[in-house]
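Participant:
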Amino acid sequence: MPFKIFEEKIFFSCNKIKKFLIKNKNLYFTEDYKQRNEEKNKIFLSKSDYDLDYNFLYFIAALSFQKKGFSILDFGAGVGNTYIKYRKKGFLKKNIYYSIFDQNKDLTYSAEKMIKKNFKDIKNLNIIYNFKDIKYHDAIHFGSMFEYVEDYKKLLNKIFNKMKKKPEYIFISDLFGTNQKDFYLIANYYGHKYFVKFHNLKNLIIKFKKLNYNLVYKNPHLPNIKGNFQFFDMSNLQKKYQISHTWNLFFKHDNKR
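Residue numbers for the sequence shown follow our numbering, beginning at 7 and rising by one.
#1: If you count every other CB in all the chains shown that lies within 10 Å of the CB of E153, and 16 or more means buried, which is it?
#2: When you compare only the Cα positions, how much space is there between K25 and K111?
#3: Pick helix, strand or coil for T252, following the three-state DSSP scheme.
#4: Cα-Cα, which of I134, N101, I165 and D127 is closest to A4?
#5: For G84, is the classification buried or exposed, using 16 other Cβ atoms within 10 angstroms of its Cβ as the cut-off for buried?
#6: With distances taken from CA atoms, which of G233, N234 and Q248 is nearest M240?
#7: Confirm, please, whether the CB-CB distance from K91 to F50 is below 8 Å.
#8: Kindly give me the distance between the Cβ atoms of I66 and H143, rounded to whole angstroms, as I take these residues to be in contact under 8 Å.
#9: Note down, one range per segment and in chain order, each alpha helix (DSSP H) of at least 4 residues found wholly within the segment 66-131.
#10: Y39: which of F177, H198 and C20 sits nearest, CA to CA?
#11: Kindly indicate which residue of N194, I211, V222 and H251 has the alpha-carbon position closest to the one of N230.
#12: Does N43 come out as helix, strand or coil in the three-state DSSP assignment?
#13: Per the contact definition of three or more C-beta pairs closer than 8 Å, is the segment 187-198 in contact with the segment 212-224?
#14: Which one of I121, L207, T88 and F97 has the shortest CA to CA distance from F148?
#15: Grab me the residues of K187's own chain with a C-beta within less than 6 Å of its C-beta, minus the 5 sequence neighbours each way, in chain order.
#16: Have a look at I140, D108, L228 and F201 and flag the residue whose alpha-carbon is nearest the alpha-carbon of F12.
#17: Compute the Euclidean distance between the alpha carbons of D180 and N254, then round it to the nearest angstrom.
#18: Taking only the alpha-carbon atoms, compute the straight-line gap between N43 and L191 and give it to the nearest angstrom.
#19: Can you name, in chain order, every residue of its own chain whose Cβ lies under 7 Å from the Cβ of L243, other than the five neighbours on each side?
#20: Use the C-beta contact count for G75: other C-beta atoms within 10 angstroms, 16 or more gives buried, fewer gives exposed.
#21: Which same chain residues, not among the five before or five after F177, have their C-beta less than 6 Å away from its C-beta?
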């Protein structure tokens, strides 16, 4: 059975949804969040890799054949799940430079500890603890995080300003996309309530176009939830607000405009 976490009430403003949430410790900074993701890493590191891949890994592997060097920033990397999958899939190439950053330094510390314990050659890995230390990268990956971002344009501009230049590629994995206008839901995940944003897919692509980013890849994605490839059970919501999968979107910067 799919895992049901969403409440029925629909919100169209982040300020309104915040009024319904008790001001307690952010789910992202709780100890059990870190422990669950550490356990997920242990599964990634085991002999059997059950998870569906983020397709951008294959994309950057192909790009690396065309460039002398290719750098990617995994923004919101958590405990390093994606880097571990990158290594487990054999994508270790001398000309790919991989950076990880997360706002939760405790998760970054956990990622560094686990990666160093399980992989010998990490000279092409850059672990960033402070936002001010972010430098230009050829690409940025946002994996399973846009649903927690109230204003992604503000976030992008903040990163662009720090890099001093727009990256050539932006990869968005596991986006909560909808045909409806942007809306928010309250999610109850392991006893922690938080807001989740569903983005109107068409409008998001248009907004990226205005930032001079052209869509080059769009594909439905099924996340791994409790060991099964599925999305959450949304049957308690109106049909028009239900989604059955998420999205992977890849954008390329048009530097001629």
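For every residue, glycine included, the Cβ atom is placed at its ideal position computed from N, Cα and C. Treat the numbers as computed from the prediction; the structure is a model and nothing was measured.
Facilitator: In short, the structure shows the following:
#1: buried
#2: 28 Å
#3: strand
#4: Any property of residue 4 remains undetermined from this structure, which presents the chain solely from 7 to 263.
#5: buried
#6: Q248
#7: yes
#8: Contact doesn't hold; Cβ gap of about 11 Å is too wide.
#9: 87-94 and 111-124
#10: H198
#11: H251
#12: helix
#13: no
#14: T88
#15: N206
#16: F201
#17: 6 Å
#18: 23 Å
#19: F12 and E14
#20: exposed
#21: F62, H147 and F256
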